[in-house]
DNA sequence: CCACCGATTGCT
DNA sequence: GCAATCGGTGGT
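Residue numbers (the numbering used here): 876 to 1070.
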């Protein structure tokens, strides 16, 4: 059983890349139908503001879809893509400054049967091995967009810290612009990484 | 209004 | 390698 209190706003109210690094090892908590879904973060990517051409807020773009990126830190930015996937981010930085961390992969901890009920019958370690798969297994929808991670049905708890020697930093994947920026963080050796 | 495309996934 | 599937985005 993972332990640790739910992280408070001060954890997220920092530079996005630092928040991304420190999110590794944290536990994503999801309450659905009164049941708990837990997963340990093993892969994340930072998406910054105007100068990050791969970000939804590149060039200072602002729209109903990405509005949450400009709001308070520690909130959910959920977007719908490829006509079928809901991807989950955690916002960072102070209000007015865009920044978000894409949650790309987790190791399932609790609620595996419920995750499987969404249709994926693959190996347990692969149930949350990609941003689209997290959305499906956790039942995320646009109704979750804007949710506060410090209270309510979505949260992040302390889990266990991941030492630097177990963290790899590399370019982000699945993007076509700014492909060289090293904003992807993974837990070395995890069998639940994406792709 | 229209056409193109994507922070993906799973199958050939 | 490529189809699935549809809202966002930018140009006409």
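Beta carbons: idealized from backbone N, C-alpha and C, even for Gly. Only a predicted model underlies this, so the values are computations on that prediction, with no experimental measurement involved.
Query raised in the report: In three-state terms, what does DSSP make of residue 896?
Result: helix
Report task. Find the nearest neighbour of residue 890 within the set 965, 879, 954 and 910, judged by alpha-carbon distance. Result -> 965
Report task. Would you tell me roughly how many angstroms separate the C-alpha atoms of residue 1066 and residue 967, rounded to the nearest one? Result -> 27 Å
Query raised in the report: Per the contact definition of three or more C-beta pairs closer than 8 Å, is the stretch 924-944 in contact with the stretch 1001-1010?
Result: no
Requested in this report: To the nearest angstrom, report how far apart residue 918 and residue 899 are at their CA atoms.
Outcome: 7 Å
Requested in this report: Answer with buried or exposed for residue 884, where buried requires no fewer than 16 other C-beta atoms within 10 angstroms of its C-beta.
Outcome: exposed
Query - the stretch 946-964 / the stretch 1013-1024 touching (three or more Cβ pairs under 8 Å) - result: yes
Requested in this report: At 4 residues or longer, and completely inside the stretch 985-1018: list those alpha helix (DSSP H) runs for me, N to C.
Outcome: 987-992 and 1006-1012
Query raised in the report: Does the stretch 1039-1048 come close enough to the stretch 1056-1065 that 3 or more CB-CB pairs lie under 8 Å?
Result: yes
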